[in-house]
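Residue numbers (my numbering): 5 to 382.
Contents: one structure, followed by commentary.
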C-alpha cells in the first residue's frame, strides 16, 4: 500500500514537472518569437533614404523627435551615447567622466545640412523621451517636457521656448515616488502631462531581465494634474514605453514593448485613463510613437530583432531595424531598415516643411540620423 502511494505521488510529481517544462518551453518559444531571436530582415522602401550627421557631435544619441505641425521644424533630444549608458544599462560599470557631456535639443529645418541647438540648459539634463505642447492661443510659445534622468533622481523637466529665439527657459522640474522609471511623457497643457513608467526593477540585474523578457505587467502610467498632484492613470502594463496623443488630444496611445503592441486610452476628467483597445504586433517591439497631424497616422518605430538591439547597446553590434506603421487598427509597412541606415532605431517622425515631406529616424545609441525623402503623400 505504501509502495503504491509512493509510486502514485512520484507519478503525480513527474506529471507536474513535465507540465512545468512544457509551459516554460512554450513561454520561451513565444517570447523568442516576440523578440525576433534568430531572425534576419531585408531593407524595404529605403531607396530614397540616406544618413545624416554621423560626423556631427551634436547629432548623436537622438532618442526622440517631435515636429511642429505649423512650422515644420523638427526638434530632437540628443546626447553623448556613452553618457547614456548610466540609465540605459543600470547596474553596469559606468565611467563618471562621461558626465562632462551635456544633452541638448537640436533643431532641423528642411535643408539637409542645417541644424542648430537650443541653449542654454542651466541644470543637469539626461534626456530620454520628451514632448512639446503647442498652444493655439499663443502660437509663438512652445512648452517642452523632458524625461530627465538627472543624477539626483528621475524627473520631468519643463522648459518654455519662443519661436525665433534659441533659448530654452527652465520653468520647473517635478518628481514623484510614482515616477520611479519614467520613459516618455505626453504634454496635455503647459503644466499637466501623462508619463510612462516602464519597469518595477529600476536598478537592473536578473529580476529586471526576467521582467522584460517575460513581459510582466508591472509598469504603469502616471498623471500630473493642474494642481501639481500625481496619480496612477493606468496600471498592469507590460513595459509601457513611448506615449503620444491624437491631434485633438482626445485619445492617448501607449507603446507596450513587452506585450508587444500599442494601446489606446481615453482621458477622463479626473486624469484616469479608460482603456479602449489596441493592437498586438508579431515580431515587432514598439518603442516611440509619433502622430502625423495632417493625416492622423501613427508612426511606430521598433525592433524586429530585439536581442541584436540589446547586444548592440552593450557591444556596438550592428543589427536592428525600424518599422513605422500607419494607423492604429490597420497596419501598413512604410519602411523596413535591415540595419544599413542605423544599427538601432527608437523613433520615426514625419517632417513637412518647404514643400518637402520626409521621415526622420533617430536612435538613442547611434550616431546621426536616417532621413527618407518622400515625393508622395504619406
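C-beta: ideal position from N, C-alpha, C; glycine also.
Nothing here was measured: the structure is a model prediction, and the numbers come from that model.
Are three or more beta carbon pairs between the stretch 176–196 and the stretch 147–165 nearer than 8 angstroms?
yes
So for residue 286, helix, strand or coil by DSSP?
coil
Hey, how far is the Cα of residue 174 from the Cα of residue 295?
26 angstroms
Under 6 angstroms Cβ to Cβ from residue 360, same chain only, skipping five residues before and after it: list those, please.
The beta carbon of residue 360 sits closer than 6 angstroms to those of 114, all from its chain and outside the five residues before and after it, given in chain order.
Using a Cβ-Cβ cutoff of less than 6 angstroms, which residues in the same chain neighbour residue 276 once the five nearest sequence positions on both sides are dropped?
Shown here for residue 276: same chain residues with a beta carbon closer than 6 angstroms to its own, the five before and five after excluded, namely 237 in chain order.
Measuring straight from C-alpha to C-alpha, what distance separates residue 61 and residue 374?
Whole-angstrom Cα-Cα distance: 15 angstroms.
Compute the Euclidean distance between the alpha carbons of residue 54 and residue 256, then round it to the nearest angstrom.
Within the model, the alpha-carbon separation for residue 54 versus residue 256 is close to 32 angstroms.
Starting from residue 82 and walking both ways along the beta strand (DSSP E), at which residues does that stretch end?
78–82
Same chain, Cβ closer than 6 angstroms to residue 291, neighbours up to 5 away in sequence not counted:
Hits under 6 angstroms: 245, 246, 305, 306, 350.
Under a Cβ-count criterion, where at least 16 other Cβ atoms within 10 Å of its own Cβ denotes burial, should residue 78 be classed as buried or exposed?
If you draw a 10 Å sphere on the C-beta of residue 78, you find 16 or more other C-beta atoms in it, and that means buried.
Quick check on the DSSP output: the beta strand (DSSP E) that includes residue 64 runs from which residue to which?
From DSSP, residue 64 is part of no beta strand (DSSP E); its letter is neither H nor E.
List the whole-angstrom C-beta distance separating residue 200 from residue 225, where the pair is believed to meet the contact cut-off of C-beta under 8 angstroms.
6 angstroms
Contact check, residue 283 vs residue 293 under 8 angstroms by CB: the rounded distance?
So it is not a contact: roughly 12 angstroms between Cβ atoms.
Neighbourhood of residue 227 by C-beta distance below 6 angstroms, restricted to the same chain and skipping five residues each side
198, 235, 237, 275
Taking the beta strand (DSSP E) that residue 272 falls in, what are its first and last residues?
Premise fails: residue 272 is in no beta strand (DSSP E) and is neither H nor E.
Coil, strand or helix - residue 329 by DSSP:
At residue 329, the pLDDT of 36 sits below 50, so the modelled position is not reliable; the number obtained from the coordinates is stated separately. DSSP places residue 329 in strand when its eight states are reduced to three.
Kindly give me the distance between the Cβ atoms of residue 165 and residue 122, rounded to whole angstroms, as I take these residues to be in contact under 8 angstroms.
6 angstroms
Report the CB separation of residue 69 from residue 251 in whole angstroms; it is logged as a contact under 8 angstroms.
Rounded, the Cβ-Cβ distance is 17 angstroms, inconsistent with contact.
Exposed or buried, residue 74, counting other C-beta atoms within 10 Å across all chains shown (16 or more means buried)?
Exposed, by the Cβ-count rule.
Three-way DSSP call (helix, strand, coil) for residue 350 in this model
coil
For residue 244, which residues does DSSP report across the bridge?
260
Name, in chain order, the residues that DSSP records as bridge partners for residue 356.
361
What residue from 105, 193, 369 has the CA that sits closest to residue 4's CA?
As shown, the chain starts at 5 and ends at 382. That puts residue 4 outside it, with no answer to give.
Please identify the residue among 248, 172, 243, 271 whose C-alpha is closest to the C-alpha of residue 108.
172
Beta strand (DSSP E) segment containing residue 186, residue limits
Run containing residue 186: 186–191, per the beta strand (DSSP E) assignment.
In three-state DSSP terms, what is residue 317?
In this prediction, residue 317 has a pLDDT of 47, which is less than 50 and means its spatial position is unreliable; what the coordinates show is noted afterwards. Helix.
Taking Cβ to Cβ, would you say residue 178 is nearer than 8 angstroms to residue 249?
no
From residue 363 to residue 111, what distance separates their C-alpha atoms?
If I take the Cα positions, the gap works out to 15 angstroms.
Return the first residue and the last residue of the beta strand (DSSP E) that residue 161 is part of.
157–166
Under 7 angstroms: does the beta carbon of residue 60 sit that close to some heavy atom of the ligand FMN?
Inclusion of the ligand FMN in the displayed structure is not the case, the ligand content being empty and no account of it being possible.
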